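Participant: In my numbering, the protein residues as written are 29 to 372. Mind looking over this structure? Questions follow.
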Amino acid sequence: MNAAATEEVPEPAQEGPGERLRSIREAQGLDISRVAAELHLSAPVVQAIEADDYSGLPGSVFVQGYLRNYARLLSIPDEPILAAFQDLKPDNDRQLNLKAAQVRHELRSSHAGVRIITWLIVIGLVVLVLTWWRGYLKWPMSENGMESAQEPIQESAEPEFDAQQTPILVPFAPQAESSVTETEDAAQIQPQIEEVVGAGPAEQAVEQAETEMEEVIQTQSEAQPQPESTIAVTDTASQEAPEESAVAEAVVEEAPVAAAPSRKAVVEFLDDCWVDIRDASGQFKLVGLQKKGGSSVLAGEAPYKMVLGNAASVRVMVNGEDYDFTPHTRGNVARFTFDPASSR
């Protein structure tokens with residue numbers, strides 16, 4: 029009976045390094061939060077170490093460092109703790125190696141899905157290259173076809189251009205010989221025209237030609253006594269000249285009385301200044317940066333709308349007298365409407 033009882037009693041489980049550290053900590057009456065603060069770790073990490081749960085912790089090198097520091101904090105030798113950890117380490121390493129082997133097996137290129145995707149990519153690239161190559165070959169052929177199609181058009185257009193030019197150069201020579209030959213040809217052709225078309229339009233054309241010839245002869249005969257007429261014209265012109273000069277003098281004398289002198293407005297710039305000056309009609313504009321020492325005479329129609337950016341460096345003068353625009357100045361910028369005629 030005693031032998032059977034001894035066989036049924038299970039062997040005590042091997043105590044891990046974390047359990048040893050936890051039991052010693054509890055014996056010394058230390059709290060987990062204090063141990064975590066001393067080891068510069070979080071409380072969940074200390075709890076995982078004491079539970080021998082190293083799956084959520086970094087590599088074995090870091091875990092060994094945590095165990096060594098924990099043993100030194102409890103003032104116990106660290107060799108037994110590290111030896112106990114080494115006894116647990118092979119199982120953990122074997123599990124990690126199995127996981128890595130599974131990952132490598134899943135990522136092998138011999139997988140059917142990976143092969144299909146690879147072949148699809150290769151076929152797509154080949155199709156793209158063939159499409160580009162065919163388009164590259166067709167492009168020069170299309171350009172050559174367009175050039176060959178344009179050449180016959182140019183060749184056929186040249187005879188039409190020559191045919192249009194030839195009748196323009198020829199007809200002017202016969203017209204410059206004489207009017208007598210034209211009338212003779214018209215007299216010879218006239219009976220034929222009357223038979224085909226009728227006498228009405230042809231007779232009118234002949235009558236117009238005869239009247240034009242008579243007018244030319246009359247103008248030539250009247251042009252011979254031209255010197256006498258010119259002498260008469262010069263005599264009358266000499267008689268009328270004093271009268272016209274007298275009228276011109278009267279107009280010149282009356283002009284100063286009719287035109288009243290306008291008031292001249294000048295803008296001078298003592299320093300660089302941006303301005304915007306416009307007259308009432310919109311024809312005169314002075315806009316932009318004006319340099320130091322410059323001046324401008326206001327033209328166009330009054331009144332003027334004026335904006336002076338640097339008002340302190342601007343002088344507005346009417347007939348040599350300064351115009352005071354300080355009431356319209358705000359922050360060294362003057363905005364006002366200016367009429368030289370009403371300024372005093």
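Just so you know, even glycine gets a beta-carbon here, dropped at the ideal spot from N, CA and C. Since we're looking at a predicted model, the values are computed, not measured.
Mapping DSSP to helix, strand and coil, what is Leu101?
Facilitator: Here Leu101 sits in helix by DSSP.
Participant: Spatial neighbours of Asn347 within its chain, please: C-beta separation below 6 Å, excluding the five flanking residues on both sides.
Facilitator: For Asn347, where only same-chain residues beyond five positions count, the Cβ hits under 6 Å are Arg291, Lys292.
Participant: In the DSSP assignment, find the unbroken alpha helix (DSSP H) run with Ser51 in it and report its ends.
Facilitator: Counting along the chain, the alpha helix (DSSP H) containing Ser51 begins and ends at 45-56.
Participant: With a 10 Å radius around its C-beta and 16 neighbouring C-beta atoms as the bar for buried, classify Phe366 as buried or exposed.
Facilitator: Per the 10 Å Cβ criterion, buried.
Participant: With H, G and I counted as helix, E and B as strand and the rest as coil, what does DSSP make of Glu329?
Facilitator: Residue state, collapsed to three classes: coil.
Participant: How would you call Arg343, buried or exposed, if buried means at least 16 neighbouring beta carbons within 10 angstroms?
Facilitator: With fewer than 16 other Cβ atoms within 10 Å, it is exposed.
Participant: Quickly, what does DSSP pair Ile305 with across the bridge? List them, please.
Facilitator: DSSP lists Leu314, Met334 as partners of Ile305.
Participant: Compare the beta carbon distance of Leu101 and Val63 with 9 Å and say whether it is the shorter of the two.
Facilitator: Yes. Within cutoff.
Participant: Starting from Arg62, trace the alpha helix (DSSP H) both ways and give me its first and last residue.
Facilitator: Element bounds for Arg62: 60-67.
Participant: Between the Cα of Ile109 and the Cα atoms of Tyr164, Ala76, Ser61, Glu43, which residue gives the shortest distance?
Facilitator: With distances taken between Cα atoms, Ile109 lies closest to Glu43.
Participant: Any idea if Leu85 is buried or exposed, counting beta-carbon neighbours within 10 angstroms, 16 or more meaning buried?
Facilitator: Classification for Leu85: exposed.
Participant: For Leu148, is the classification buried or exposed, using 16 other Cβ atoms within 10 angstroms of its Cβ as the cut-off for buried?
Facilitator: Classification of Leu148: exposed, given that the 10 Å Cβ count is below 16.
Participant: Inspect the beta-carbon positions of Ala327 and Ala308 and report whether they are closer than 9 Å.
Facilitator: Not closer than 9 Å, so no.
Participant: Which same chain residues, not among the five before or five after Val224, have their C-beta less than 8 Å away from its C-beta?
Facilitator: Residue confidence for Val224 is low, a pLDDT of 40 falling below 50, so the modelled location carries little weight; the figure read from the coordinates is stated next. Hits under 8 Å: none found.
Participant: Which residue's Cα is closest to the Cα of Ala65: Tyr94, Pro45, Val361?
Facilitator: If we check each option's Cα against that of Ala65, Tyr94 comes out closest.
Participant: Among the residues of its own chain, which have a CB less than 7 Å from the CB of Gly322, if the five just before and after it don't count?
Facilitator: For Gly322, where only same-chain residues beyond five positions count, the Cβ hits under 7 Å are Phe297.
Participant: To which residues does DSSP link Arg343 through a beta bridge?
Facilitator: Glu296.
Participant: Report back the beta-carbon spacing between Ser411 and Ala71 to the nearest angstrom; my notes put them in contact at under 8 Å.
Facilitator: As shown, the chain starts at 29 and ends at 372. That puts residue 411 outside it, with no answer to give.
Participant: Between which residues of its own chain and Ser324 is the CB-CB distance below 6 Å, once the five residues before and five after are set aside?
Facilitator: Only Val295, Leu314 meet the Cβ criterion.
Participant: For the candidate residues Ser103, Ala111, Met334, Val303, whose alpha-carbon lies nearest to that of Gln92?
Facilitator: Considering only alpha carbons, the answer is Ala111.
Participant: Looking only at its chain, what residues have a beta carbon closer than 8 Å to the beta carbon of Lys319, apart from the 5 residues adjacent to it on each side?
Facilitator: Answer for Lys319: Phe297, Asp300, listed in chain order.
Participant: Within this structure, are the beta carbons of Met334 and Ala369 separated by less than 9 Å?
Facilitator: Not in contact: Met334 and Ala369 (Cβ atoms no closer than 9 Å).
Participant: With a threshold of 16 other CB atoms inside 10 Å of the CB of Leu49, please say whether the residue is buried or exposed.
Facilitator: Label assigned to Leu49: buried.
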